[in-house]
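Structure record follows, encoded as structure tokens.
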């Protein structure tokens, strides 16, 4: 998002004060936020903070990650001020089999926030990718946080912690993009042809997240699933997925009530 003449330029990097001034939330981002110039992984640090009993809604943000990670141990490229690297601590009253809905929810939230701030239409690839112009714009990593023995006494009064990690590509120099990813990555500045306000975008992510999260906590799963399906680039496509030693091929035909992908296999049988 371009800034009118005369307004301060806050588009070059993240500023905690500017971000917090744009929040409309009651819980998310309202207490104990952490901003690092450099960190190994925001998810790792958020998990450590959760283990010490930190409340729901705390954010961990970084200008650079040295050991950012995605699903299945993949590395997340995180140069300084090139993206949004953030993790959110939640303590959802959900059953374990409902936790995958948090990945779908966060995808919807990020897509809506990007649309509001950048006027771009982001697609969602099951289970945790954000796609723009056929390329990967971002990813989501939802992890359970281990509860150490020192805080076990509080387990009955404080729900288990879940860490939602979000990585969004914002601005890259072409020289910072690994050759093997050059044709696979997209970033917001390039797509918008302008420099966006990362403070506003992160605040909008938090604002959207709180609304959807409250719905989920009250048992309203339908809106998350329906909004995800409308933005899906996976449904009605042929897919290949691996689970343990099993390779599944078929057509993605739906999303189950807990966020699982439903695939019609080549022999006509359906598998979740």
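Numbering (my numbering), first residue to last: 13 to 284.
Note that the Cβ used here is the ideal one computed from N, Cα and C, for glycine as well.
If the criterion is Cβ atoms closer than 7 Å, does the pair residue i and residue j meet it?
| i | j | result |
| --- | --- | --- |
| residue 94 | residue 183 | yes |
| residue 48 | residue 214 | no |
| residue 151 | residue 140 | yes |
| residue 145 | residue 198 | yes |
| residue 77 | residue 100 | no |
| residue 236 | residue 225 | no |
| residue 130 | residue 212 | no |
| residue 54 | residue 222 | no |
| residue 70 | residue 44 | yes |
| residue 104 | residue 174 | yes |
| residue 238 | residue 125 | no |
| residue 134 | residue 220 | no |
| residue 119 | residue 102 | no |
| residue 246 | residue 138 | yes |
| residue 178 | residue 98 | yes |
So what does residue i bridge to, in DSSP terms?
| i | result |
| --- | --- |
| residue 244 | 136 |
| residue 97 | 74 and 179 |
| residue 151 | 141 and 179 |
| residue 262 | 251 and 277 |
| residue 267 | 273 |
| residue 47 | 73 |
| residue 174 | 102 and 156 |
| residue 282 | 276 |
Going by CA-CA distance only, name the one from the options that's closest to residue i.
| i | options | result |
| --- | --- | --- |
| residue 271 | 30, 282, 234 and 197 | 234 |
| residue 115 | 130, 142 and 190 | 142 |
| residue 79 | 100, 57 and 104 | 57 |
| residue 107 | 133, 100, 101 and 172 | 172 |
| residue 154 | 130, 110 and 229 | 110 |
| residue 261 | 229, 273 and 253 | 253 |
| residue 244 | 266, 230 and 39 | 266 |
| residue 275 | 187, 128, 250 and 203 | 250 |
| residue 203 | 132, 67 and 75 | 132 |
| residue 113 | 278, 185, 68 and 240 | 240 |
| residue 148 | 185, 118, 127 and 193 | 193 |
| residue 208 | 66, 283, 180 and 176 | 180 |
| residue 187 | 91, 128 and 257 | 91 |
| residue 128 | 97, 218, 189 and 273 | 218 |
| residue 64 | 283, 157 and 248 | 157 |
| residue 248 | 263, 258, 257 and 96 | 263 |
| residue 258 | 206, 283 and 268 | 283 |
| residue 269 | 279, 228 and 59 | 228 |
| residue 66 | 39, 74 and 75 | 39 |
| residue 242 | 176, 206 and 123 | 123 |
| residue 74 | 27, 185 and 60 | 27 |
| residue 117 | 232, 60 and 279 | 232 |
| residue 96 | 25, 273, 189 and 230 | 25 |
Could you pull the start and end residues of the alpha helix (DSSP H) that residue i belongs to?
| i | result |
| --- | --- |
| residue 127 | 112 to 130 |
| residue 31 | 28 to 33 |
| residue 226 | 210 to 229 |
| residue 201 | 200 to 204 |
| residue 61 | 54 to 63 |
Determine, for residue i, whether the minimum Cβ-Cβ distance to residues of chain B falls below 7 Å.
| i | result |
| --- | --- |
| residue 227 | Looking for chain B here will not work: only one protein chain is present. |
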